């Protein structure tokens, strides 16, 4: 299902978990893996010195330095490269990381981007302060292919996913995400759990909804899932549908835990906003930060179409 | 009063240049430039300046450093180019280091002081002649020199290779077509109404600006094109380095790429210094009486689109904004009224900075100072407390800022003084709030 995987890494220990998944996935799929590192963000003076992403030091930019960084990268991923080096390409670039990742993803027509949620090292870093990295946000927002975000070590998924949770808000982007989830489930041959969380805080239900209202809405959601998704699944029978009320991200995480999910597939919590304009949905953000398993963000309706081609 | 000698900053470019200088070489270069290039204009400035000091209040460096006379324009010219004139170039190499640091990093060539001088001395010109001498002496801050080298080698500022440029345009076209299915970024379309030109950092770092500009022109139904050949980058750090030969090369290729496509006019993105190089310095160096292809700045272009109703704004941007006046298009080109009209067509409320328009303070990034890189960042930060105070006094969050340099400069100042404000390009605002008809 993936022929070319782009693994965007900062080369720091925070990227170890994404690295594991990226290599495992590439190996399983027999896909080409591009190990990509944006090695420095140029200062405003541009081009002579860069800030090393790993150390934060200023470094003089040149062929030597770039070669050294690539060398360092290959040392960092030495174990993985020993196994899968023959289908891995190490590439580096200078620039704004999100822009360069998107640029390369487009140029190489990759099928999947794998990355961590932020760059900061552990203590006091992004994860502890519940902050999503800017790079990740930007990439997830604009990438045309699925973006697999790994924020924590994934212990359950070794080499393949065994339970896929697809969460929907019935938006157009969610349809694209569904195509991905279904394909992945079929491909792997694992169960697919289709989930919708009714947002009790949204006000759509008019302040404090009664139990009857909630139940009616849940029923309606189940019907929508049947119509919108189940009808498309053909012979694939390993699925379950569940709708619950509450705070969406909490319910999603609870459900994922219950089902031992090791991949959560979601789109932006965007409803009808065009995908490019949507800030990453707060629900997805919370799920990424708190989920113990990888989260795939698929926002671009093109995904399914491109895949069909 | 401080002295330049007390605040010297290490820079490999300046240091290496000075190390290879001899007094004879300095004298020779100074004499050559003064006789061959500077001529009567500079001499007149030097002879008529009566050291009245009225220019001092005009300089953000002077104001920000608690009225330290060492930072006044008159002092800075006296310590540099006027001293070379008086001493006929007979100065020690170490003195050139000091002069170069003043000329490259303590003057933004913003020309605010010219508005305060009772006899209209253009300190910006005097300082650029000082830089011209430094360049010929090979004493140039390393960062900006490297940027100028990129211009020389690739004809653009960011070492963007030709295919990368075209690829970036196609990429943005692809992205934009999700939103506007019929949008095109036509490359090399002969006879197009408008040639849209950008600066090097756009394809490299701010690719979304190209997307936004294309979207605006698409919705407005503008017949535009972008060149696929070198010449697309209208920016010009060689001008600020003092490498006028290269400045001429760049401007010639820019204008010629437009002439080759037989376009009616060039529209320039929201950049200030690039505008200076096409209407003031580059064209004159090339001996063009005027611009060979008419050039309009984005502010004028947006003004036209909005007043002609080609772009419709259903709902203005909420909340008050303030306006940064970029020196090259305001003092240089007189676009202050148009900038205000465009802003009022887009935003609900404007809170003016004080002072404003042609008397607004410089961002302290322009004139190549920001391009001198990290070694001199603090010079810009401490040197523009005036701007920070001015910004804070407006009490607003959004700054309308139609210039890349101002953007960079204000961003840094906002961070340094913790102002919590946000500069935005006009194009960015227009793209956000304009009417986007379905299925275009």
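Protein chains in written order, with our numbering: chain C, 887 to 1195; chain P, 0 to 439.
Even for Gly, the Cβ is constructed at its ideal location relative to N, Cα and C.
Predicted model, so just to flag it, every value in this text is computed and none were measured.
Discussion item. Would residue 123/P and residue 239/P qualify as a contact pair, given that the criterion is a beta-carbon distance under 7 angstroms?
Written reply: no
Worksheet entry | Residues near residue 405/P in its chain [Cβ-Cβ closer than 8 angstroms; skip 5 each side] | 271, 323, 325, 362, 364, 365 and 422
Fill in: Distance CB(residue 1115/C)-CB(residue 1074/C) smaller than 7 angstroms
no
Worksheet entry | Residues, ordered as in the chain, of the stretch 142–170 of chain P that lie near chain C by beta-carbon distance below 8 angstroms | 142, 143, 145, 146, 149, 156, 157, 158, 166, 167 and 170
Worksheet item: Any Cβ of chain P within less than 7 angstroms of the Cβ of residue 1165/C?
Response: A caution first: residue 1165/C carries a pLDDT of 48, below 50, which makes its placement in the model unreliable, though a value can still be read off. With its beta carbon at least 7 angstroms from every one in chain P, residue 1165/C lies outside the interface.
Worksheet item: Beta carbon of residue 371/P, beta carbon of residue 202/P: below 7 angstroms?
Response: no
Worksheet item: Relative to chain P, which residues along the stretch 956–982 of chain C have a C-beta separation below 8 angstroms, given in chain order?
Response: 981 and 982
Discussion item. Below 7 angstroms on C-beta distance, what does residue 985/C contact in chain P?
Written reply: 204 and 206
Worksheet item: DSSP on residue 235/P, reduced to helix/strand/coil?
Response: coil
Fill in: Rounded C-alpha distance that separates residue 1172/C from residue 1135/C
6 angstroms
Fill in: Helix, strand or coil at residue 938/C according to DSSP, with G and I counted as helix
strand
Worksheet item: Sorted by chain position, which residues of the same chain lie with C-beta nearer than 8 angstroms to residue 412/P's C-beta, five sequence neighbours on each side aside?
Response: Answer for residue 412/P: 362, 363, 379, 380, 383, 386, 387, 390 and 418, listed in chain order.
Worksheet item: Do we get a CB-CB distance below 7 angstroms when we pair residue 1108/C with the residues of chain P?
Response: no
Item to complete: Could you pull out every unbroken beta strand (DSSP E) segment of at least 3 residues lying fully inside the stretch 273–322 of chain P, listed in chain order?
Response: 294–296 and 316–322
Discussion item. What does the Cβ neighbour count give for residue 966/C, buried or exposed, with the cut at 16 atoms within 10 Å?
Written reply: Label assigned to residue 966/C: buried.
Practice prompt. Using a threshold of 7 angstroms, state whether the C-beta atoms of residue 233/P and residue 150/P are closer than that.
Written response: no
Fill in: residue 267/P, buried or exposed, once every other Cβ within 10 Å from all chains shown has been counted against 16
buried
Discussion item. Excluding the 5 residues flanking residue 1002/C on each side, which residues of the same chain have their C-beta closer than 8 angstroms to its C-beta?
Written reply: 895, 896, 900, 901, 903, 904, 1019, 1022, 1035, 1036 and 1037
Worksheet item: Relative to the C-alpha of residue 221/P, which residue among 188/P, 199/P, 205/P and 247/P is closest?
Response: 188/P
Worksheet entry | residue 264/P, enclosing beta strand (DSSP E) - first and last residue | 264–267
Worksheet item: In three-state DSSP terms, what is residue 184/P?
Response: In the structure shown, residue 184/P sits in coil (DSSP, three-state: anything other than H, G, I, E or B).
Practice prompt. Using a Cβ cut-off of 8 angstroms, pull out every chain P residue sitting near residue 1114/C, in sequence order please.
Written response: By Cβ distance, chain P contributes nothing, its closest Cβ being about 22 angstroms from residue 1114/C, past 8 angstroms.
Worksheet item: How long is the line joining the alpha carbons of residue 978/C and residue 160/P, rounded to whole angstroms?
Response: 16 angstroms
Practice prompt. Going by DSSP, name the residue or residues bridged to residue 223/P.
Written response: Looking at the DSSP assignment, residue 223/P forms a beta bridge with 193/P.
Practice prompt. Compare the Cα-Cα distances from residue 12/P to each of 262/P, 341/P and 138/P and report the closest residue.
Written response: 138/P
Fill in: alpha helix (DSSP H) segments (min. 4 residues) lying fully within the stretch 18–84 of chain P
Runs found: 22–32, 38–47, 59–63 and 72–78.
Discussion item. Going by DSSP in three states, residue 428/P sits in which element: helix, strand or coil?
Written reply: In the three-state DSSP reduction, residue 428/P falls in the helix class (H, G or I).
Fill in: Beta-carbon neighbours of residue 1143/C, restricted to chain P and to distances below 9 angstroms
The premise fails here: residue 1143/C is roughly 35 angstroms from chain P at the closest Cβ pair, so nothing lies under 9 angstroms.
Discussion item. At 4 residues or longer, what runs of the alpha helix (DSSP H) sit wholly inside the stretch 354–419 of chain P?
Written reply: 376–381, 384–393 and 403–415
Worksheet item: Ends of the alpha helix (DSSP H) at residue 210/P?
Response: 206–218
Worksheet item: Per DSSP, what kind of secondary structure is residue 1184/C in: helix, strand or coil?
Response: Coil at residue 1184/C, not helix or strand.
Worksheet item: Okay, do the stretch 158–178 of chain P and the stretch 114–128 of chain P touch, 3+ Cβ pairs below 8 angstroms being the bar?
Response: no
Worksheet item: Are the beta-carbon atoms belonging to residue 891/C and residue 998/C less than 7 angstroms from one another?
Response: yes
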